[in-house]
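Data first, discussion second: the structure below is written as structure tokens.
Numbering (my numbering), first residue to last: -5 to 114.
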């Protein structure tokens, strides 16, 4: 992480923490944790209740919207958590596609970036 100053690293850590909190809030709105591994699943507004047969179609439609959204949010959450872990072990900012340093401007635009632009 020689290409990133300590000040820049703290700025990125703060951005990642704020985004993680925001994503977790969104995940809680559209889904729920399904196991100890932190996996999320889509849910409907009436989970746990016996559905009225007339509402079943609405629930299916709501779930059809929520599941892909939860999957996308879960992926982003995983990327953020991985980036924070990389900061701790000293591998943050290294491209997973080619092992070169990811430029700060890319990390500033997407602090959870796993690759440089060339390998994106």
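Glycine included, every Cβ here is placed at the ideal spot set by N, Cα and C.
Whether residue i touches residue j by CB criterion (8 Å)
i, j, result
"residue -3", "residue 95", "yes"
"residue 73", "residue 22", "no"
"residue 75", "residue 14", "yes"
"residue 101", "residue 87", "yes"
Residues near residue i in its chain [Cβ-Cβ closer than 8 Å; skip 5 each side]
i, result
"residue 191", "Any property of residue 191 remains undetermined from this structure, which presents the chain solely from -5 to 114."
Exposure of residue i, with buried meaning 16 or more beta-carbon neighbours within 10 Å
i, result
"residue 11", "exposed"
"residue 84", "exposed"
Assumed close pair residue i, residue j - CB separation to whole angstroms, cut-off 8 Å
i, j, result
"residue 67", "residue 1", "Contact flag wrong, Cβ pair sits at about 30 Å."
Residues near residue i by beta carbon distance below 7 Å, same chain, minus five either side
i, result
"residue 111", "100"
"residue 9", "105"
"residue 80", "86"
"residue 108", "73 and 90"
Cβ-based neighbour list, residue i, same chain, cut-off 6 Å, excluding 5 preceding and 5 following
i, result
"residue 113", "89, 91 and 92"
"residue 63", "24"
| request: Evaluate contact between the stretch -5 to 14 and the stretch 92 to 106, counting only Cβ atoms and requiring at least three cross-stretch pairs below 8 Å. | output: yes
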